[in-house]
Structure formats: structure tokens, C-alpha cells
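To keep things clear, I will list the structure first and then write my remarks on it.
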Amino acid sequence: MITANLKPQKVFEYFEKICSVPHGSGNTKQISDLLAGFARDLGLKYRQDELNNLIVWKDASPDKQGCAPVILQGHMDMVCTKEAWVDKDMAKDGLDLVIDGDWLRANGTSLGGDDGIAVAIAFAILEDNSLSHPPIEVVITVDEEVGMDGAFGIDLSDVKGRRMMNIDSEEEGVVTVSCAGGVRADSVIPAHPAQLDDGCSVFKLTIDGLLGGHSGCEIDKGRGNAIKLMSRVLFGAEERFEGLRLCSIKGGRFDNVICPECEAVVAVHAPAADDLKSYVNGFRDILKTEYAAADPGVELKIEPAEADTAYDESDSFKVAEALFMLPQGVIEMSRDFKDLPQTSLNLGVISSDADGVHYSNSIRSSITSQKEYVLARVRAVTETEGGTLTTRGTYPGWAYNRDSAFRATLMDVYKKQTGREAAIAATHGGLECGLFIEKLPGLDCLSIGPDMRDIHSSAEKLNIPSVERLYDLITGFLAELR
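This is the structure we're talking about:
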């Protein structure tokens, strides 16, 4: 095993086993069966449901008999992204782990530290009979990354704990105490392909080289969204080149990932071909200048392509105009937590077919009314262009509990171990805590995690020493609980 010399050894052993099987969102049967096998091998009671969620129970250590149970919670699915050169089917293959100094990453793909490290930590704790701890209930959900479907559907009627540690944060020394709620919005602009004229030249426009990243954690970093950048290119081209037609457009795979690449195929009257090339190349220079600091790898390319059909000129303009008018990124910053986005949206996925152009937004806010406001803006843009909008995956926010003995204990343990105060923070990302609070009235939550960088991207990496310190914090915390 490549992680054999890493500490805590059992944590990384479990993590490497998790990484050996595919476990992208919507593809969780194999990983769920693997985890159920871990529980079975440990002789622990477990329940695996039809969604592939898993709950595992372990009795209290001898010195903690009579203590109230504690829940350790995370999710087993990951966001699967890879570089173009990677010859790997992430729906079928495991990951190729690489140790890079103090960091663990995967070769050319996302790592799935979000949230495989939570699962690995939980099973290492379940296996270690030398630890002092109350009764433990480990709850591992599926499809968190695509709308928290597992948390929505899980039956928690046999879970007794009312104290929960969610291990799905990405910054060591930070205790997350609140998160945004969210909703996914799926839009379609009707458009129907028709035959192209013989006198047309066809080109493929590609925007790539962007950093991408998690739309909750990196939305305030000023990174480029390839779909939105493409909308600027297309809208400007529509204004400049009479008769321009959109043949197809595609980009992104997940609506909660800042889109790193987008491809559009367009057709223009042949005499305008050279002018279109000049326009696109000029726009490349604009993007290079605008994103020199936040996203320096941005590229815009134009190359000859082939197409037999395209949307008509009117529908092509409607699509370009809708994408151009859509808001993107941070809408408002929090006034309660410094440097925290309060409300945002991310245009994460776009595709085209015989019915028209489909696009999906991930909308987040810690204030429900603002979430609804942004949703109304997206709906207004879509419907103005003759389109329709549907929603899915609405999840509640998690309100700050100002008086939490559970959190106070963790803060005390952290200070004893490090000599420093842990930071209290809210996140703009979505966590499952709000859904668990709805299902388990009176539940007290907190969320912690190790240092991770660039989650949801092929640059994702996990800090190895941070994992050891986190494991020591969690086990020390469990030993202090009454």
C-alpha cells in the first residue's frame, strides 16, 4: 500500500481501500458494500438501506457505560473529475494515489478526501478497542455531492444520539457551526436544430484551463466560470455577426462545481469566418488580462469543426442572451461572519439537444428569503427567453447554536492539545447537518475536518500531518464526553 508509512496507519489504510473502488455520486453500491464488509468484519451491528446509506453501531467503552451516544457522520460519495490526459473510467476504476511531500493527492483526478477521510477516520475509531468513548453511531450517507439525496432519504428512527460530529469540513483548527441552505435549479431554453446552409463556416470554441473548484468554498475566489465566460463570447459574437447560429454547447459535470471548461460549436456565413477568428482571438487576450491573478491558466481557442444542423438565428440569440444575463458568483456577503459569502449561485452544467439548451444552477444562502430571491432571478431570465425552470435538492440551512456544551468540550480539548483557540466559523458550503437536525429534534452539531485544498477538482489534495492531528482531536474529544 502506498500509504503504509503514513500516520495514523489505520486511517490511511482504510482511506486507500476506499480509493481502490469507484465511488462517485450516483455510483455507490460497490463502496457501500465495501464499508458494510468492514463493519461485518469488525463484528459490529450495521444497517445498509436501499439507497446504500450505512449506519454502524459500537457500544461504549467500559469506562463510558451509561453515557449518551455520539454520532460520527460523513458521506461516502465523491465528485469525480479528471484531466483530459487521464485514461481512466472513474465509474469503474479506483484512484492512483500520490504522496507529494506532506500532501496526498490522486494522479490527474480528484482525490475524494471530501469525504472519504471522514469514513476512514470513523472506521479506524470503530476498529480501535483501546479508545475511551461513549456509544458511537456512525452514519455514512450517499450522494451528498449531488443534492444530499442520501440524507434526505435515510431512516434515522433507530439512531439515539443527539450529539453529532460531522467530519466534512476542509480547514484544520476551524469548528464549523452553521451552513447555508441551497437549491438546484434546472432550466431549459427551447430550440430546435435545422439544416445549415452550404455557405456556412463552422467553428468550435473552447474555454478551458480554469481552476474550477467547489462552488461553496471557492465561489468568492474570483475564479472564472467557463460557461459564463463562453456566454460573453457568444453574446458579443451574436451582436457582431449577422446570421450566427449555435450548433451545440456543453460544459461542466456538476452544478456545485465552478465550471472549468466549456465548448460551443457555431456557424457563420463563410465571408465572416476570418473576422470571427480575429474576434475570438481578441477575446482570448481580454480573458488573459482579466484573470491574470485569479485564474491565469484560462484559454480560449477557435478551430474548424463540422456540423450539419444548428439552432436558427433567433433561438441562438435567445440562448446567448439568457446565459449572458444570468447572475453568477457571490450575490451578497455575510454581515455576521467576516469574509463569508451569504448568498451565491453557480452555473455548473450546460448541454444541448434536439429540444434546446439545458443548464443547471446551484443556489446557496444562509437566509431563505435571499435563496428564493436568487431563484426568482434565474427563473425570470429563463422565462423571459421562453424557457422553463424546475427545482430539486432543496436543503435547509443550519442555524448557529450559541449555547452548545458539546462544542465547548471540543474547544477545550483543542486548546489542551494545541495551546491555541480553535476558530468558530460558518460555511457557505452545504452540509448535511440541517437535514439531520430536522430528522433528529434537539440534535446538537458541529463540523470539523483536516486541511484540504482544491476539492472537487483534479488538483485536490489532503494534508497528511493534519489528518493525524484531527484523529488525535476526535479521539481525545470522545474520551472527554460524558
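Residue numbers (my numbering): 5 to 486. Note that beta-carbon positions come from the ideal geometry of N, C-alpha and C, so glycine has one too.
What three-state label does DSSP hand residue i in the structure shown?
i: lysine 420; result: helix
i: glutamate 175; result: coil
i: serine 415; result: Sequence inspection shows methionine at residue 415; the serine mentioned does not correspond to that position. Methionine 415: helix per DSSP, three-state reduction.
i: glutamine 69; result: coil
i: methionine 94; result: coil
i: alanine 88; result: coil
i: glutamine 77; result: strand
i: valine 146; result: coil
i: lysine 479; result: Per the sequence shown, residue 479 should be read as threonine rather than lysine. Reduced to three states, the DSSP call for threonine 479 is helix.
i: leucine 393; result: strand
i: valine 60; result: strand
i: glutamate 222; result: coil
i: aspartate 3; result: Past the edges of the chain, shown from 5 to 486, lies residue 3, and the structure says nothing about it.
i: valine 83; result: coil
i: aspartate 458; result: coil
i: aspartate 159; result: coil
i: arginine 473; result: helix
i: glycine 446; result: coil
i: glycine 154; result: helix
i: glutamate 484; result: helix
i: alanine 409; result: helix
i: alanine 314; result: strand
For the alpha helix (DSSP H) containing residue i, name the first residue and the last one.
i: isoleucine 441; result: 437-443
i: alanine 128; result: 117-131
i: aspartate 279; result: 277-294
i: cysteine 23; result: 13-23
i: threonine 7; result: That residue, threonine 7, is in no alpha helix (DSSP H); it is neither H nor E in DSSP.
i: tyrosine 377; result: 372-388
i: isoleucine 452; result: First-last for isoleucine 452: undefined, no H or E at that position.
i: glycine 240; result: 230-244
Per DSSP, what are the beta-bridge partners of residue i in this structure?
i: glutamate 303; result: Asp212
i: tyrosine 399; result: Gly186
i: histidine 273; result: Cys204
i: lysine 254; result: Glu267
i: leucine 108; result: Ile103, Leu466
i: valine 261; result: His218
i: asparagine 365; result: Ala189, Leu351
i: proline 194; result: Gly360
i: arginine 249; result: Ala271
i: threonine 113; result: Lys86, Ala110
i: glycine 28; result: Met82
What distance in whole Å lies between the Cβ atoms of residue j and residue i, which are believed to be in contact at a cut-off of 8 Å?
i: methionine 152; j: tyrosine 399; result: 5 Å
i: glycine 78; j: alanine 122; result: 3 Å
i: threonine 313; j: aspartate 147; result: Threonine 313 to aspartate 147, Cβ: 35 Å. No contact.
i: glycine 154; j: asparagine 57; result: 5 Å
i: alanine 430; j: phenylalanine 341; result: 5 Å
i: isoleucine 90; j: serine 29; result: The sequence given here has valine at residue 90, not isoleucine. Actually they are not in contact, since the Cβ atoms of valine 90 and serine 29 sit about 19 Å apart, beyond 8 Å.
i: serine 191; j: threonine 386; result: 4 Å
i: arginine 227; j: leucine 215; result: 5 Å
i: lysine 46; j: leucine 160; result: Note that residue 46 is leucine in the sequence shown, not lysine. Between leucine 160 and leucine 46 the Cβ distance is about 22 Å, and since that is not below 8 Å, they are no contact.
i: aspartate 172; j: aspartate 97; result: 25 Å between Cβ atoms; not a contact.
i: glycine 391; j: proline 197; result: Actually they are not in contact, since the Cβ atoms of glycine 391 and proline 197 sit about 17 Å apart, beyond 8 Å.
i: leucine 304; j: alanine 268; result: Actually they do not touch by this definition, with Cβ atoms about 11 Å apart.
i: glutamate 176; j: leucine 474; result: 6 Å
i: aspartate 63; j: histidine 27; result: Not a contact, Cβ separation roughly 28 Å.
i: isoleucine 231; j: glycine 255; result: 5 Å
i: isoleucine 441; j: serine 356; result: Actually they are not in contact, since the Cβ atoms of isoleucine 441 and serine 356 sit about 40 Å apart, beyond 8 Å.
i: lysine 11; j: glutamate 472; result: 5 Å
In terms of residues, what are the limits of the beta strand (DSSP E) holding residue i?
i: proline 2; result: Residue coverage of the chain in this structure runs from 5 to 486, which leaves residue 2 outside it and unanswerable.
i: aspartate 357; result: 345-357
i: aspartate 104; result: 101-104
i: alanine 324; result: That residue, alanine 324, is in no beta strand (DSSP E); its alpha helix (DSSP H) goes 317-329.
i: glutamine 52; result: 49-52
i: arginine 167; result: 167-170
i: threonine 431; result: 427-431
i: glutamate 336; result: 333-337
>> Quick test of the definition: if touching needs 3 or more C-beta pairs under 8 Å, does the segment 325-334 touch the segment 349-359?
In response: yes
> Do the segment 106-116 and the segment 459-468 touch if we need at least three Cβ pairs shorter than 8 Å?
Replying inline: yes
> Between the segment 413-427 and the segment 214-223, do three or more beta carbon pairs fall short of 8 Å?
Replying inline: Judged by Cβ distances under 8 Å, the segment 413-427 makes no contact with the segment 214-223, as fewer than three pairs qualify.
> At a cut of 8 Å, does the segment 402-422 reach the segment 186-204 through at least three beta carbon pairs?
Replying inline: no
>> Can you confirm whether the segment 69-76 touches the segment 133-149 when touching is taken to mean that 3 or more C-beta pairs between the two stretches lie within less than 8 Å?
In response: yes
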